[in-house]
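So the numbering used here is basically just the index in the sequence shown, starting at one, shifted up by 42. Below is one structure, written out as structure tokens; comments come after it.
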Amino acid sequence: RDTDEIAKEKVPLYLRKKGRGIRPGRNELESVNKPIVIGGVLVCPGDVVVADGDGVIVVPRKVAKEVAKYARQILEKDKEARTQLYKELKMKADQTVN
43 RDTDEIAKEK
53 VPLYLRKKGR
63 GIRPGRNELE
73 SVNKPIVIGG
83 VLVCPGDVVV
93 ADGDGVIVVP
103 RKVAKEVAKY
113 ARQILEKDKE
123 ARTQLYKELK
133 MKADQTVN
């Protein structure tokens with residue numbers, strides 16, 4: 043539903059394929075704050091779901107802080123390596139290394 047508006051407003055939405063939308067009366071709310079399985083992956087209330095143009099990942103809440111810590115370290119090392127590469131190539135660094 044509203045695919046054109048979602049794209050126009052640049053809403054970060056990730057899905058496997060476009061659907062026809064929800065017809066009123068065809069779906070019922072079954073539960074709230076219960077574990078679900080999406081694409082074979084268990085997602086529990088409080089889990090962290092991160093998505094970008096490359097994909098989607100679910101981080102269980104109990105390890106989210108630890109994962110965030112290591113992800114930040116990897117990101118900083120990647121920025122340092124790319125900054126060095128820009129210098130070696132005598133190119134101006136882009137916004138991804140700032």
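Beta carbons are placed, not taken as given, at the ideal position from N, Cα and C, and that holds for glycine.
Could you give the residue range of the alpha helix (DSSP H) that holds residue i?
i: Ala49; result: 45-50
i: Leu117; result: 106-130
Tell me which residues share the same chain as residue i and place their Cβ nearer than 8 Å to its Cβ, disregarding the 5 neighbours each side in the sequence.
i: Leu117; result: none
Please report the residue range of the beta strand (DSSP E) in which residue i lies.
i: Ala93; result: 90-94
i: Val79; result: 78-80
i: Leu84; result: 83-85
i: Gly67; result: Run containing Gly67: none; DSSP gives neither H nor E here.
i: Val100; result: 97-101
Excluding sequence positions up to five away, which residues of its chain have a Cβ less than 6 Å from the Cβ of residue i?
i: Pro102; result: Asp89
i: Val91; result: Val100
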